[in-house]
Each structure stands twice: as structure tokens, then as C-alpha cells.
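Read the structure below first, then the notes.
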Ligand code: FES
């Protein structure tokens with residue numbers, strides 16, 4: 718085992734970093750968690766709860782705005798900041814949860830939380 722074992726303690730595998738194209742999101746289902754969306758902002762990956770806080774929409778089906786680092790919900794186009802989870806445009810008000818991740822050897826892990 719490599720030195721990564723310490724880093725990965727308590728971490729949960731989400732997906733391959735290369736499976737998330739720039740400007741898109743990948744929905745990941747993990748037992749015990751709400752669906753998680755892993756998004757690629759110019760090579761920087763971010764993980765948030767995938768379900769919109771305004772309704773039952775998958776944010777991974779929405780459009781990513783690379784300039785502003787946001788995703789627009791496909792239902793009513795409310796936007797969330799992919800770095801902070803903040804709801805930035807109406808009708809969304811409540812933030813989505815942000816999940817801390819780590820990337821080791823091209824694999825994306827949810828950090829132990
Ligand atoms: S369900 Fe997402 S903005 Fe309405």
C-alpha cells in the first residue's frame with residue numbers, strides 16, 4: 718500500500734476525475750448519501766448535493782456557467798455556486814450542501830465527514 722492510505726482513511730470513492738468533462742456534472746449515487754453531483758470547472762472538481770433545493774431536479778442535468786462557476790437548475794433555472802453551494806439566483810433560496818473531496822491517482826473521493 719502506498720502513502721496514500723493515510724490520506725484516504727474514511728474517504729469514499731465517487732468516480733474517476735477523467736469521467737467528468739469540463740463544464741459538466743456527473744451524478745453519483747452512494748449508499749447513505751443524497752445523490753451527489755461532481756462538477757468540473759476548468760479542471761477544478763467540486764462536489765455538491767445534486768438535488769435542487771427548490772424542487773426535485775438533478776443539477777447535473779443543468780447548464781454549467783464556467784465564467785461564474787455556477788450551475789443552473791434545469792427546471793426553473795435557479796443557480797447555485799459550485800464552490801460554496803450558495804443559491805445565487807431565484808427561485809432558489811436555500812444552499813445545496815458542498816462535499817469536501819480529494820483526488821488521488823485520478824480518482825475522486827469524498828473525504829471522511
Ligand atoms: S426545481 Fe430547481 S429551480 Fe425549481
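Residue numbers (the numbering used here): 718 to 830.
Every residue, glycine too, gets a C-beta built ideally from N, C-alpha and C.
Problem set entry | alpha helix (DSSP H) runs wholly inside the region 718-772, at least 4 long, in chain order | Every unbroken stretch of the alpha helix (DSSP H) spanning 4 or more residues and falling wholly within the region 718-772 is given here in chain order: 721-724.
Exercise. Using a threshold of 6 Å, is the CB atom of residue 756 nearer than that to any non-hydrogen atom of the ligand FES?
Worked result: Result no, Cβ not under 6 Å from the ligand FES.
Exercise. How big is the Cα-Cα spacing for residue 801 and residue 730?
Worked result: C-alpha separation (whole angstroms): 21 Å.
Exercise. Is residue 778 helix, strand or coil when you go by DSSP?
Worked result: Per DSSP, reduced to three states, the secondary structure at residue 778 is helical.
Exercise. Looking at residue 742 and residue 777, is the spacing between their C-beta atoms short of 7 Å?
Worked result: Cβ distance < 7 Å, so residue 777 and residue 742 count as in contact.
For this session: Tell me, please, whether the region 818-826 touches the region 779-795 by the rule of three or more beta-carbon pairs shorter than 8 Å.
Result: Touching, no, given that fewer than three Cβ pairs across the two stretches are closer than 8 Å.
For this session: Going by CA-CA distance only, name the one from 726, 727, 763, 789 that's closest to residue 814.
Result: For residue 814, the nearest C-alpha among the options comes from 763.
For this session: Whole angstroms is fine: what's the gap from residue 811's alpha carbon to residue 728's?
Result: Residue 811 and residue 728 have their alpha carbons spaced roughly 27 Å apart.
Problem set entry | Under the three-state DSSP convention, the category residue 824 falls into | Residue 824 falls in the strand class under three-state DSSP.
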